[in-house]
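Peer 1: Before anything else, here's the structure in question.
Numbering (the UniProt record's numbering), first residue to last: 1 to 350.
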């Protein structure tokens, strides 16, 4: 079979190669790979910014945004051949920290977790793959064309879970949501906000076009801007920051309504400095009982929540998030950024 592999830590090593068919172990599903989503993490891995191969190996199969169909399932499992599934990315550490021991491996405290296609375990970028039944999530058959969005949606599901838990510390009835960044995470965050009945605003520096059309199709408002100046007076109750742009991160901290919540989902590059009035930020957060928190990765329940949210969404809208479908034979094209992209997906069947 063919797989998309690379050497972690070495640029220019990504390639499609022939590898042996996987053999499912005890309690594992054998899955036909259907599609693989590509995101910034994959591009950073390809550029050798980080990545850890499996022990004793040089090359590793890349890919963590999965979609597949079960070929074989172990006796007694909840899965059957033909089921549409995605695989969870993270696994708890071998000598679990307190969080991993309680099933909260997305909140690992000691960093010894492993991750499919990223850290020490082969990813899902192959024509066949295996996954432990305990780390697979069945999808509604209607998601056959868009189920590859479940992994990014799981990150959003976790973000919303944490927002709602934090909000429950007091009376919580948020009406307005601002999402900064109209990439896949940002647009899915907007979708989740609309599913919660909120007034949704999405800010992105891209001019009006495909992204603004997607936001407006949700019933949201698109702002083509690079600052939060439009929200200086009418401040949102919740901000989900998905760009990692330093100034937007800083400005988000002082742009919520009282008792507001800022969720940081984007990752800022290092090496850039910004002038900050720490006193203003401190006073605003303290005097308004605001909360700023960060979130990354997802747990098994977040995948299930994501699958349910996507099943309830408009299928045509979800299909419009996938702006490029690329055959496996030309997989390297998916790693070249395209300014018109929302989500690039590799078709593992072609």
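All residues carry an ideal CB built from backbone N, CA and C; glycine is no exception.
Could you tell me the alpha carbon to alpha carbon distance between residue 294 and residue 96, rounded to whole angstroms?
Peer 2: Their backbone Cα atoms lie some 22 Å apart in a straight line.
Peer 1: Report the three-state DSSP secondary structure of residue 351 (helix, strand or coil).
Peer 2: The structure shown does not extend to residue 351, since the chain is modelled only from 1 to 350, so the question has no answer here.
Peer 1: Applying the criterion that 16 or more other CB atoms from any shown protein chain within 10 Å of the CB defines a buried residue, is residue 349 buried or exposed?
Peer 2: It counts as exposed.
Peer 1: Just tell me which of 60, 129, 51 and 63 has its CA closest to the CA of residue 28.
Peer 2: Comparing Cα-Cα distances from residue 28 to each of 60, 129, 51 and 63, the minimum goes to 129.
Peer 1: Just reading off the beta strand (DSSP E) that residue 263 is part of, what are its end residues?
Peer 2: From DSSP, the beta strand (DSSP E) with residue 263 extends over 261-264.
Peer 1: Quick check: residue 174 and residue 152, are their CB atoms within less than 8 Å of each other?
Peer 2: Contact flag unset, no.
Peer 1: Going by CA-CA distance only, name the one from 59, 44, 55 and 49 that's closest to residue 6.
Peer 2: Checked all of 59, 44, 55 and 49; the closest Cα to residue 6 is 59.
Peer 1: Helix, strand or coil: which one does DSSP assign to residue 105?
Peer 2: DSSP places residue 105 in helix when its eight states are reduced to three.
Peer 1: Under DSSP, the beta strand (DSSP E) around residue 87 begins and ends at which residues?
Peer 2: Residues 84-87.
Peer 1: Okay, do the region 15-27 and the region 340-348 touch, 3+ Cβ pairs below 8 Å being the bar?
Peer 2: Contact between the region 15-27 and the region 340-348 is absent, because fewer than three Cβ pairs lie under 8 Å.
Peer 1: Excluding sequence positions up to five away, which residues of its chain have a Cβ less than 8 Å from the Cβ of residue 135?
Peer 2: Around residue 135: 87, 88, 91 and 300.
Peer 1: Give the DSSP-derived three-state secondary structure of residue 144 in the structure shown.
Peer 2: Of the three classes helix, strand and coil, the one that applies to residue 144 here is coil, per DSSP.
Peer 1: With respect to the beta strand (DSSP E) encompassing residue 150, which residues constitute its N-terminal and C-terminal limits?
Peer 2: First-last for residue 150: 150-167, but that is the alpha helix (DSSP H), not the beta strand (DSSP E).
Peer 1: For residue 126, count neighbouring Cβ atoms within 10 angstroms of its own Cβ and tell me buried if that reaches 16, exposed if not.
Peer 2: Result: buried.
Peer 1: Counting only beta-carbon atoms, is residue 67 nearer than 8 Å to chain C?
Peer 2: The chain labelled as chain C is not found in the depicted structure, where only one protein chain is given.
Peer 1: Going by CA-CA distance only, name the one from 307, 204 and 318 that's closest to residue 85.
Peer 2: Closest option to residue 85, Cα to Cα, is 307.
Peer 1: Could you give the distance in angstroms between the alpha-carbon of residue 241 and the alpha-carbon of residue 296?
Peer 2: C-alpha separation (whole angstroms): 12 Å.
Peer 1: Which parts of the UniProt domain "Alcohol dehydrogenase-like N-terminal" (25-139) are runs of the alpha helix (DSSP H), unbroken and 4 residues or longer, counting only runs that do not cross its ends?
Peer 2: Complete alpha helix (DSSP H) runs here, min 4: 40-46 and 98-101.
Peer 1: Taking residue 315 as the reference, give the member of 140, 48, 4 and 68 with the closest Cα.
Peer 2: Considering only alpha carbons, the answer is 140.
Peer 1: Does the pairing of the region 320-337 with the region 165-173 give three or more beta-carbon distances under 8 Å?
Peer 2: Too few Cβ pairs lie closer than 8 Å, so no.
Peer 1: Between residue 280 and the rest of its own chain, which residues show a CB-CB distance below 7 Å, the 5 nearest in sequence each way excluded?
Peer 2: 254.
Peer 1: At what residues does the alpha helix (DSSP H) containing residue 192 begin and finish?
Peer 2: Residue 192 -> alpha helix (DSSP H) spans 184-195.
Peer 1: For residue 223, is the classification buried or exposed, using 16 other Cβ atoms within 10 angstroms of its Cβ as the cut-off for buried?
Peer 2: Classification of residue 223: buried, given that the 10 Å Cβ count is 16 or more.
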